[in-house]
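Colleague: Note that UniProt numbering has the sequence shown beginning at 1, numbered continuously upward. Glycine included, C-beta positions come from ideal geometry on N, C-alpha and C. All values derive from a computational prediction rather than experimental measurement. Here it is, the structure, as structure tokens.
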Amino acid sequence: GIQATLNARASILAAANPIFGRYDTSKPLRWNVDMSAPIMSRFDLFFVVLDECDEEIDNNVATHIVSCH
């Protein structure tokens, strides 16, 4: 048979939610998303996006969105 190594370059954008519903900033990313080290090593970049709970800002954003539609 033929043995060959083929390039299979791909761009992947993935998203994950914290395992307990809220991101614990005192714990590392790996603990928060429960992803194994071998899988994480295959990604070049990680971005953690946190939603700071602020009722006034949330209300202003919601009001703006509703007023635009």
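How far does the alpha helix (DSSP H) with residue 4 in it extend, from its first residue to its last?
Modeller: Walking along the sequence shown from the start, residue 4 turns up at place 4. Segment: none, residue 4 is in no alpha helix (DSSP H) and carries neither H nor E.
Colleague: Can you tell me where the alpha helix (DSSP H) holding residue 56 begins and where it ends?
Modeller: The count along the sequence shown starts at 1 and reaches residue 56 at position 56. Segment 55-68, the alpha helix (DSSP H) holding residue 56.
Colleague: Here's the rule: buried if 16 or more other CB atoms are within 10 angstroms of the residue's CB, otherwise exposed. What is residue 60?
Modeller: Looking up residue 60 in the sequence shown gives position 60. By the 10 Å Cβ count, residue 60 comes out exposed.
Colleague: Take the Cβ of residue 17 as the centre, count every other Cβ of all protein chains shown within 10 Å, and call the residue buried at 16 or more, exposed below.
Modeller: As a working mapping, residue 17 is identified with position 17 in the sequence shown. Classification for residue 17: exposed.
Colleague: Count the other CB atoms, across all protein chains shown, that sit within 10 Å of the CB of residue 7; report buried if there are 16 or more and exposed otherwise.
Modeller: Position 7 of the sequence shown, counted from the start, is the residue given in the question as residue 7. With fewer than 16 Cβ atoms within 10 Å of its Cβ, residue 7 is classed as exposed.
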